[in-house]
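Chemist:
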Amino acid sequence: MSNLYALFEERFSPNLTQSFIITKDNRTYSYQDLLSSTSQIAYILNSYKLSKGDRVIFQVKKSPEAIFLYLACLKLGLISVPLNTSYTASEISYFLDDIEPSIVICDPESPIIKENLLTDQNQIHLLTLDGSGKGSLIENLSNDACHESIVDTQVNDTACILYTSGTTGKPKGAMITHGNLASNAITLHQIWGFSKNDILLHALPIFHVHGLFVALNCALLSTNTMIFLEHFDVDEVIHHLPKATVLMGVPTYYARLLSHPDFTASTYKNMRLFISGSAPLLKEVSDNFFIKTGHRVLERYGMTETVMIASNPLNGERVPGSVGTALPGIDVRITADDGRILAENETGNIQVSGPNVFNGYWRKPDKTKEEFTDDGFFKTGDVGFLNDRDYLTIIGRSKDLIISGGYNVYPKEVENLINDYANIEESAVIGVPHPDFGEGVIAVVVMEPGKKEEFDATTLIKFLKQHLANYKVPKFVFAIDKLPINVMGKVQKNILRDRFQDAFERQTIAN
Ligand code: MCA
Ligand code: AMP
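Under the working numbering, the letters of the sequence shown match residues 1363 to 1873, in that order.
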């Protein structure tokens, strides 16, 4: 049996009275509650006569019930497709067409309902689940209607599809298997020293690898208790942190904690481990955190397509600026553009292979092929080097990607929309230093000849907000006469990044 849910159930069955989730308003769910609610939701899903491999899209707020829904899908061998709650109608329409779900479960406020996105789709069942755990998915649950058996799956069967964009701006669904998730969870549980007594403060969103697979799967495998916050609110996190032993977050979390006056020694008195990932943790933040708390934040590295790849050690030297060594059983290598494998300390493309690497992009075999080398290594699109102790340092990306507060923004997707907007000839979307989000998104546009006077950043931003999740929308738009291009006709974004690098600093000063 390779079903990930079976692995979890085997671990928590002896500890059913243990608390699984404590919410911020002190509702407690035990592992017994997890078991019953998951079986009851599985019963409801199963009543729609779904088959292994059918897709279930959910765009729901964070709640314990949303976790039980994810677990019920695992249990039935259904493929979960969680969507970011800030996606707009146009973004969601693409996913609905691409994934062909059998069931969609969403918040009553989702554009799926508000903008009737399913009216033309045939045979898609629609159920609701709101942030308080209520909705049509839940209202018919009954203690007498449980689906107990776990569908047998193979390691290569897809458990989840998570969307990630790319250079064309069109999102691709990464097929993550039961085997990927199980091997990663087992490894992380071991190397980060999780035990039954850990209490994980979970403030991450649950529609990405970090919150759903790294944090949740580790907790499930260790039968941990999670303090479960709907989102990262620094005051709330500080309020709950004294009860926790582990926190996982993006670098913005650590920068916000550090600059909060109430983040004092009594707040982190029980903490054993602070973990950071999804974006580079600035050395300055890592050092200041260490000076203040005596804790060196453990930085690790991953991707949607590979889940976790490398980590600094629990015991041993945690090197600020490095993401540590490859996880056990995973190969990381550095290559030149011609494929030659590089020696230690030489900078090149980071490639990875191992049981963590996904099974390809949903219905995109050509795209999948492009991202793998002939000998089966996945091309991460990140650039870095390995030192003489095999510690990996990421120094940049060959892919055109901005990471803002841990969320990925693919410039092409934003540029495509801007270029279609009235009077704009061309645009470049870039990431520049942001004091809170690490990188912040800005756009640089060139107006059509004779239309310079028509430039209006406010209405353009308003238009973009209708089509894009908020975090992708440029915080500023600047108009210039001409984009810098190289001899190949490609926009030189590095020149633009230099020119606008203090865009957010200027704004902070202006405020
Ligand atoms: C919110 N806004 C953002 C971001 N978040 N803008 C840019 N980048 C962001 N990340 C918008 C809001 O909509 C709002 O817009 C304005 O910025 C200010 O919002 P604020 O209240 O300050 O933000 P927040 O609600 O406190 O959210 C910040 C956050 C959040 C807590 C850092 O972005 C977050 O939870 N990030 C974590 C993402 C994550 O889990 N990534 C993991 C991906 P307006 O003013 O217009 O309303 S998995 C992954 O990357 C790999 C595999 C890995 O290695 O883990
Ligand atoms: P995603 O597409 O959301 O899976 O984002 C994956 C990308 O996030 C990676 O390819 C890296 O560029 C970046 N990333 C994740 N963790 C780190 C880290 N610790 N340091 C630097 N970049 C990171």
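Here a beta-carbon is modelled for each residue, glycine too, at the ideal position from N, C-alpha and C.
Cα-Cα, which of Tyr1769, Thr1755, Pro1773 and Tyr1753 is closest to Asp1762?
Modeler: Nearest option by C-alpha distance: Pro1773.
Chemist: For Leu1369 and Asn1781, I'd like the C-alpha separation in whole angstroms.
Modeler: Distance between the alpha carbons of Leu1369 and Asn1781: 49 Å.
Chemist: In the structure shown, what three-state DSSP assignment does Asn1873 receive?
Modeler: Bear in mind that the predicted position of Asn1873 carries a pLDDT of just 37, short of 50, making it unreliable; the figure below should be weighed with that in mind. In the structure shown, Asn1873 sits in coil (DSSP, three-state: anything other than H, G, I, E or B).
Chemist: Could you check the C-alpha separation between Tyr1432 and Ser1442 for me, to the nearest Å?
Modeler: 7 Å
Chemist: Quick one: is Leu1609 near chain C, going by C-beta distance under 9 Å?
Modeler: Looking for chain C here will not work: only one protein chain is present.
Chemist: So the beta strand (DSSP E) His1796 belongs to, where does it begin and stop?
Modeler: Per DSSP, His1796 belongs to the beta strand (DSSP E) from Ile1786 to His1796.
Chemist: Which runs of the beta strand (DSSP E) at least 3 residues long sit entirely within the stretch 1451-1490? Give them in chain order.
Modeler: Whole beta strand (DSSP E) segments, 3+ residues: 1465-1468 and 1487-1490.
Chemist: Quick check on Gly1722: buried or exposed, where buried means 16 or more other Cβ atoms within 10 Å of its Cβ?
Modeler: buried
Chemist: Since Gln1421 contacts Ile1454 with CB under 8 Å, what's their CB separation in whole angstroms?
Modeler: 7 Å
Chemist: Pull up the distance between the alpha-carbon of Ala1790 and that of Lys1496, whole angstroms please.
Modeler: 43 Å
Chemist: Just list the residues that DSSP pairs Glu1661 with in beta bridges.
Modeler: Ser1638
Chemist: Classify Tyr1410 as helix, strand or coil using the three-state DSSP reduction.
Modeler: coil
Chemist: In whole angstroms, what is the alpha-carbon distance linking Ile1486 and Glu1501?
Modeler: 19 Å
Chemist: What are the residues that DSSP puts in a beta bridge with Ile1384?
Modeler: According to DSSP, which records beta bridges pairwise, Ile1384 is partnered with Thr1390 and Ile1589.
Chemist: Rounding to the nearest angstrom, what Cα-Cα distance links Asp1798 and Thr1515 in this structure?
Modeler: Roughly 42 Å separates the two Cα atoms.
Chemist: What are the complete alpha helix (DSSP H) segments, minimum 4 residues, inside the stretch 1720-1780?
Modeler: 1727-1732
Chemist: Check Thr1400 in the structure and name its three-state DSSP category.
Modeler: Helix, per DSSP.
Chemist: Taking Asn1677 as the reference, give the member of Ile1671, Val1669, Thr1687 and Ile1712 with the closest Cα.
Modeler: The closest CA to that of Asn1677, considering only Ile1671, Val1669, Thr1687 and Ile1712, is found on Thr1687.
Chemist: To the nearest angstrom, report how far apart Tyr1391 and Gly1528 are at their CA atoms.
Modeler: Across the structure, Tyr1391 and Gly1528 are spaced so that their CA atoms are roughly 39 Å apart.
Chemist: Taking DSSP's pairing of strands, which residues face Pro1444 in a bridge?
Modeler: According to DSSP, which records beta bridges pairwise, Pro1444 is partnered with Phe1420.
Chemist: Name the residue from Phe1720, Ile1842 and Leu1620 whose alpha carbon lies nearest to the alpha carbon of Glu1667.
Modeler: Phe1720
Chemist: What is the DSSP secondary structure of Thr1379, counted as helix, strand or coil?
Modeler: coil
Chemist: Which word fits Asp1864, buried or exposed, when buried means at least 16 other C-beta atoms lie within 10 angstroms of its C-beta?
Modeler: Flag for Asp1864 reads exposed.
Chemist: With C-beta atoms as the reference, is Leu1396 less than 9 Å away from Ile1383?
Modeler: yes
Chemist: Nearest CA to the CA of Phe1866: which residue from Asn1856, Val1839 and Met1850?
Modeler: Val1839
Chemist: Does the Cβ-Cβ distance between His1540 and Asn1650 come in under 9 Å?
Modeler: no
Chemist: To the nearest angstrom, report how far apart Ile1871 and Phe1862 are at their CA atoms.
Modeler: Confidence is the limiting factor: at Ile1871 the pLDDT is only 43, short of 50, which leaves the residue's position unreliable, though a coordinate-based value still follows. Distance between the alpha carbons of Ile1871 and Phe1862: 15 Å.
Chemist: Nearest CA to the CA of Tyr1367: which residue from Ile1512, Tyr1753 and Phe1556?
Modeler: Ile1512
Chemist: Would you kindly check if the distance between the Cβ of Ser1648 and the Cβ of Tyr1616 is under 9 Å?
Modeler: yes
Chemist: Kindly examine ligand 2 and report whether one of its heavy atoms sits closer than 8 Å to the Cβ of His1657.
Modeler: no
Chemist: Between which two residues does the beta strand (DSSP E) harbouring Cys1522 extend?
Modeler: Thr1520 to Thr1526
Chemist: The beta strand (DSSP E) with Glu1810 in it runs from where to where?
Modeler: Note, Glu1810: premise wrong, no beta strand (DSSP E); not H, not E.
Chemist: Which value, in whole angstroms, describes the spacing of the CA atoms of Glu1706 and Val1745?
Modeler: 14 Å
Chemist: Alpha carbon to alpha carbon, how far is Ala1841 from Asn1848? Give it in angstroms, no decimals.
Modeler: Spanning the two alpha carbons is a distance of roughly 20 Å.
Chemist: Could you please give me the residues that DSSP links to Leu1609 through a beta bridge?
Modeler: The beta-bridge partner set that DSSP reports for Leu1609 consists of Leu1563 and Phe1636.
Chemist: Given 8 Å as the limit, tell me if His1796 has its C-beta closer than that to any heavy atom belonging to ligand 2.
Modeler: no
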